[in-house]
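Chains as they are written, first to last, in our numbering: chain C, 1 to 168; chain X, 1001 to 1708.
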Amino acid sequence: MNTTEPVEARDLGQAGEDEQYVTFFIKNEIYGVPVMKVQEIIGMTKITAMPNSLPFMKGVIDLRGAVVPVIDLRLKFEMEQAEYNSFTVIIIVEVKDRLVGMIVDSVSDVLSIPVHSIQETPSFSAKINTEYMQGIGQKDDTLVIILDVDRILTTAEFEIINEDHDGE
Amino acid sequence: MSESAIKEVFISEAKEIIEKLESDLVQLEENEGDQEIVNRIFRSFHTLKGSSGIVGLTSIYNFSHKLENLLDRVRSGDIAVDNSLIDLILGSIDWIRDELFTEKADTDESKSAMNALQQRILEYTGEEKAVEAGEEEETGRAKPKAGVYNYFRIKARFADDVFETGIDPLMIIEDLLTVGTLLTKNVDREQLPALDAMNPERCYLSWDLIIKTLEPVDKINDVFMFVRDRNSITIEDVTASFSGRGRELPQEKRIGEILLEKGIISEAELDAVLKYHDSHKTKIGDIIVKKGLASEKDVKDALEEQEKLKKKIELNTVRVDTNRLDNILNLLGEIVIGQSSLNRIADELDDDKDTGFQLKNALYGLDRITREFQEQIMSIRMIPIGPSFEQFRRFVRDSAHERGKDIKLVIEGGDTELDKTVIEKISDPLKHMIRNAIDHGIEVPEEREAAGKAAAGLVTLRAYHQEGNVFIEVLDDGRGVNLAKVRSRAVERGLLKEDEEASRERLLSYLFHPGFSTADRVDDLSGRGVGMDVVKTNIEELRGTVELKSEEGKGTTIRIKLPLTLAIIDGMLVSIGRNIYIIPLLSIVESMQPKQEDVKTVEGKGEMISFRGEFVSLARLYDLFEIDARHKNPWEGLVIVVESANTRIGLLVDDLLGQQQIVIKSLDNYITRSRSISGAAILGDGKVALIVDIHGLVEDIMDINSAR
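What follows is the structure in structure tokens.
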């Protein structure tokens, strides 16, 4: 998919400014989501599994009285599943007024990344899903893959609807 | 209140008035002579006029004023009620509605529409356009001779809190000026306090006005119709002192008029009484009784009638944004969750120790109060379904006319109350079903007569409570569903094999199949089904069920079953392996532990359990939900027999954990595609338990079976 527009034009503000990102690890890669999208980060907790759901939909958790769905980003990105350990966290992000938890290997840091250093998602030669990516940011020598959280959710919805149709 | 807030209140009020008007008008069409309905319509327009004036919508104000004039003539019997009159008024309502709620307001299109309507109104009232500006022709029932002016002295003493009732005295006075010309005005400033003591929300002024008009006193009364109760308004006919001749009955002496109309006293007698009244200033009723002209009872009756005319409206209500109620309900939900976690702690405490026992007792009391609290809040959210039924009168009338059918809408159980959100959400499905009944159910008059039925078809909307549920039925006495056609259609779509046996229920259930319906509109399958799958989905979102019964030639009944409330249910907690699921208590018939010999298999796979002489099929929940269970044999675990839309199934679970009030949290549809889960609830220990949707479960099982 190459619908990605120039990043600056979208929601990252003017050149010369810094944007803050919560960064986290999946495998050995560093990902980031805009800090404004993140409501909180919680440790791994008991997840109630949902029957008949997509593989990456791990289930729902209780977040102080709200029932929040949790997806495993490793499974969403079609990587192999990892054992959850004491580093595993759930990043709660707000997408279109709804909360969603994302399970990631471990949380890293909040980084200020200069907006001008963020590149459009390059086209990869290998078959890589770029549809959830907003761009690639750089801070010193670190490469941060910036995720478009809105998209992660919409594709999740899209998939389940599609599957339903395939099933009929 | 800010200006926009006032406007909001007005808009929502206007919406209600318009809906009521439409229903009243359609009823008037059916009961042409009903004076009560005419009065209601008149009052509605009057309110609409007044309120639109207050919020400054002058075009609506002026327009409804003309309609009011028209209706006044209807009220007095000058103009007969017929279809074209009803059409005109309905058309006018449509214009007002467009003006209020759509983008069309104030466009040229809307203006020309208004002019066309006004022209038709004027044709009825026989007024010339020019009259508007100056004096209007006499329209009232008392009919003074043309060209003869009446003079009225009006003393208007408004209560100081008059603004709070939404009435601006100035509007009333301006209103009055449309009836006649003001001769003298006297503003009484006596009550006006010093500036620093003045409350801007109070009315301190009173007016003495004398107006000259061609209209009879009733017209003047109408102006003050809504303010008479709470404010002191006296209207005196002073024509005599202006023209030397006084014949009109002053309004204050209206009780005499009532008695006169009833023929209890004669005009001459009344004149004598009035003369006596003028000189003695005692109550007219008393004079009449004293003079032996009428019995005390007659006077009392007349007084009551007078009272009725005033139509006392108690203003003891508060308008509350439903969002606020929702917030309260959410908070209550949190309380219920907190309470259940306290309960869990109490359960772990030792009963023998005082504190454990005391805590449990206290919680018991608290539980009672929260339940009561919940019921109270729910009852606030409950509103009668009547108004939303009524709004279909117009719809039925118009669509029936369009199709050349004669259809009467019967409404039963309009006072049945249900949750406001539910009412809002069933409006569209209801419309769908009614449209189906009109389009496909009810036949054209000739066909009906040929079949020996009355020419006019009946569509009935009925609501009632039963066993903690609300039932809503849409009935028609039309031709019913043609099962043979449904069958051939089902075969065509590959839902049924050519030679397959299908029960009546099964055939009817195809009407709810997505896509089944839309296609049959083209070849005009005689039954139902246009968008019935949408109806079903909508109702199921409300945790309700839809059922269709039909008898060929006799009609069709669609029955909707809805829960009373949406947010909190009583649930049974069951465990399966390490998971907890919640089964709505209302769906549970019984739980039991079957004996091994009670479990039979059909063709080696379909399992049945003997339950009170009948066999119910067994569903292994752990299988369906793909989880582990402790007991895989029905005779080791527990079987809960549940019921959904006349289907009973047994659910195999490990154990019952107890029943509890459950606050339902809905789940976004991308989380699971399973129809068996309707939501989730948070338990006292912070665990999330999934709520089993019995109806969806039965469907899921049927799908699995048919896929095999």
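Quick reminder that beta carbons are idealized off the backbone N, C-alpha and C, glycines included.
Computed from a prediction, not measured in an experiment: that's the story for all the values here.
Sequence-distant residues of its chain with Cβ nearer than 6 angstroms to X:V1179 (five each side left out): Within the second sequence, the letter at position 179 stands for residue 1179 of chain X. Correct list, in chain order: T1213, E1215, K1219.
Beta carbon of C:I152 nearer than 8 angstroms to that of C:K76: If you number the first sequence from 1, residue 152 of chain C lands on position 152. If you number the first sequence from 1, residue 76 of chain C lands on position 76. Cβ distance < 8 angstroms, so C:I152 and C:K76 count as in contact.
Buried versus exposed call for C:Y21 [16 or more other C-beta atoms within 10 Å across all chains shown]: Working through the first sequence from its first residue, we reach residue 21 of chain C at position 21. Looking at its Cβ environment, which holds 16 or more other Cβ atoms inside 10 Å, C:Y21 is buried.
heavy atom of the ligand SAM below 7 angstroms from C:I113 C-beta: For the structure depicted, the ligand SAM is absent and the ligand set is empty, with no information on it obtainable.
Beta-carbon spacing of X:L1028, X:I1086 below 8 angstroms: As a position in the second sequence, residue 1028 of chain X is number 28, starting the count at 1. As a position in the second sequence, residue 1086 of chain X is number 86, starting the count at 1. Going by beta carbons, X:L1028 and X:I1086 fall inside the 8 angstroms limit.
Residue closest to X:P1584, alpha-carbon to alpha-carbon, out of X:I1383, X:A1680, X:I1096: By 1-based counting over the second sequence, the position of residue 1584 of chain X is 584. Closest by alpha carbon: X:A1680.
Coarse secondary structure for X:L1697, derived from DSSP in three states: Within the second sequence, the letter at position 697 stands for residue 1697 of chain X. Helix, per DSSP.
Residues that X:G1686 contacts on chain C, provided the C-beta gap is smaller than 7 angstroms: In the second sequence, residue 1686 of chain X corresponds to position 686, counting from 1. In chain order: D62.
Identity of the residue in X:E1552, X:R1157, X:I1627 nearest X:Y1581 by Cα: Residue numbering aside, residue 1581 of chain X sits at position 581 when the second sequence is read from its first letter. For the residues X:E1552, X:R1157, X:I1627, the minimum Cα distance to X:Y1581 belongs to X:I1627.
Boundaries (first-last residue) of the alpha helix (DSSP H) holding X:Y1510: By one-based count along the second sequence, residue 1510 of chain X stands at place 510. Element bounds for X:Y1510: n/a, residue is neither H nor E.
Between the CA atoms of X:I1093 and X:E1390 - distance to the nearest angstrom: For the purposes of this step, residue 1390 of chain X is identified with residue 390 of the second sequence, where counting begins at 1. For the purposes of this step, residue 1093 of chain X is identified with residue 93 of the second sequence, where counting begins at 1. As the crow flies, the alpha-carbon of X:E1390 is around 16 angstroms from that of X:I1093.
X:G1365, DSSP secondary structure in three states: Taking the first residue of the second sequence as 1, we reach residue 1365 of chain X at position 365. Three-state DSSP puts X:G1365 in a helix.
Where X:K1536 falls, given that 16 or more other Cβ within 10 Å makes a residue buried: The residue labelled residue 1536 of chain X in the question sits at position 536 within the second sequence. That one is buried.
Alpha carbon of X:I1434 to alpha carbon of X:G1091, nearest angstrom: Position 434 of the second sequence, counted from the first residue, corresponds to residue 1434 of chain X. Position 91 of the second sequence, counted from the first residue, corresponds to residue 1091 of chain X. Distance from the CA atom of X:I1434 to the CA atom of X:G1091, rounded to whole angstroms, is 22 angstroms.
Residues of the region 1608-1627 of chain X with Cβ closer than 8 angstroms to any Cβ of chain C, in chain order: Answer set for the region 1608-1627 of chain X: L1624, F1625, E1626, I1627.
Three or more C-beta pairs below 8 angstroms linking the region 41-59 of chain C and the region 1668-1688 of chain X: At 8 angstroms Cβ cutoff, the stretches touch.
Residue range of the beta strand (DSSP E) that includes C:Q138: As a working mapping, residue 138 of chain C is identified with position 138 in the first sequence. Its beta strand (DSSP E) spans residues 133-139.
Minimum C-alpha distance to X:R1489 - residue among X:V1470, X:L1511, X:I1472, X:F1471: Locating residue 1489 of chain X in the second sequence gives position 489, where the first residue counts as 1. A check of alpha carbon separations from X:R1489 across X:V1470, X:L1511, X:I1472, X:F1471 identifies X:L1511 as the nearest.
Contacts that C:K46 makes with chain X (C-beta to C-beta distance below 7 angstroms): Numbered from 1 along the first sequence, position 46 holds the residue referred to as residue 46 of chain C. Ordered by position in chain X, the residues that pass the 7 angstroms Cβ test against C:K46 are K1687.
is_contact[C:M57, chain X] using C-beta, thresh 8 angstroms: To locate residue 57 of chain C, count along the first sequence from 1; it is residue 57. By this cut-off, C:M57 is an interface position.
X:F1101 vs X:V1055 beta-carbon contact at 8 angstroms: Stepping through the second sequence from its first residue, residue 1101 of chain X is reached at position 101. Stepping through the second sequence from its first residue, residue 1055 of chain X is reached at position 55. 8 angstroms or more divides the Cβ of X:F1101 from the Cβ of X:V1055.
Touch test, the region 1602-1622 of chain X against the region 1656-1663 of chain X, Cβ-Cβ under 8 angstroms, three pairs minimum: Contact between the region 1602-1622 of chain X and the region 1656-1663 of chain X is absent, because fewer than three Cβ pairs lie under 8 angstroms.
Nearest-angstrom Cα separation, counted from X:R1097 out to X:S1388: The sequence position of residue 1388 of chain X within the second sequence is 388, counting from 1. The sequence position of residue 1097 of chain X within the second sequence is 97, counting from 1. Cα to Cα, the separation comes out at about 17 angstroms.
Where C:R98 meets chain X, residues with beta-carbon distance less than 9 angstroms: In the first sequence, residue 98 of chain C corresponds to position 98, counting from 1. For C:R98, the chain X residues whose C-beta falls within less than 9 angstroms of its own C-beta are D1668, listed in chain order.
For X:M1532, the nearest candidate out of X:L1418, X:D1655, X:A1437 (CA to CA): Position 532 of the second sequence, counted from the first residue, corresponds to residue 1532 of chain X. Here the closest residue by C-alpha is X:A1437.
Limits of the alpha helix (DSSP H) - the one that X:W1095 falls within: In the second sequence, residue 1095 of chain X corresponds to position 95, counting from 1. It spans 1083-1101 - the alpha helix (DSSP H) in which X:W1095 sits, taken as one unbroken run.
Own chain, CB closer than 7 angstroms to X:L1260, minus 5 neighbours either side, in chain order: Counting from one through the second sequence, the residue named residue 1260 of chain X turns up at place 260. Taken in chain order, the residues that qualify are E1267, L1270.
Range of the contiguous alpha helix (DSSP H) that encloses X:H1401: The residue labelled residue 1401 of chain X in the question sits at position 401 within the second sequence. Element bounds for X:H1401: 1392-1402.
Classification of X:A1519 by the beta-carbon crowding that lies within 10 angstroms, buried from 16 upward: The residue labelled residue 1519 of chain X in the question sits at position 519 within the second sequence. With a pLDDT of 42 at X:A1519, under the threshold of 50, the modelled position of this residue cannot be trusted, and the question is left open.
Rounded separation between C:D150 and X:V1410 - CA only: Along the first sequence, one-based indexing puts residue 150 of chain C at 150. Along the second sequence, one-based indexing puts residue 1410 of chain X at 410. Approximately 49 angstroms between the Cα atoms of the pair.
Buried/exposed call for X:E1500, threshold 16 Cβ in 10 Å: Taking the second sequence and counting its residues from 1, the one referred to as residue 1500 of chain X is at position 500. Its Cβ having fewer than 16 others within 10 Å, X:E1500 is exposed.
Alpha-carbon spacing of X:K1431 relative to X:I1701, whole angstroms: What you label residue 1431 of chain X is simply residue 431 of the second sequence in a count that begins at 1. What you label residue 1701 of chain X is simply residue 701 of the second sequence in a count that begins at 1. Looking at the two C-alpha atoms, the distance is approximately 31 angstroms.
Proximity of C:V144 and C:L99 at Cβ, strictly below 8 angstroms: Taking the first sequence and counting its residues from 1, the one referred to as residue 144 of chain C is at position 144. Taking the first sequence and counting its residues from 1, the one referred to as residue 99 of chain C is at position 99. The answer is no: Cβ separation not under 8 angstroms.
Close beta carbons around X:V1026, own chain, < 7 angstroms, minus the five adjacent residues each side: Within the second sequence, residue 1026 of chain X is the residue found at index 26, counting from 1. So the list reads R1393, R1394, R1397, once near-sequence residues are dropped.
Paired residues, beta bridge with X:G1650 - DSSP: Here the question's residue 1650 of chain X lines up with position 650 in the second sequence. In DSSP, X:G1650 forms a bridge with X:L1618, X:V1641.
Buried/exposed call for X:Y1364, threshold 16 Cβ in 10 Å: Counted from its first residue, the second sequence places residue 1364 of chain X at position 364. Per the 10 Å Cβ criterion, exposed.
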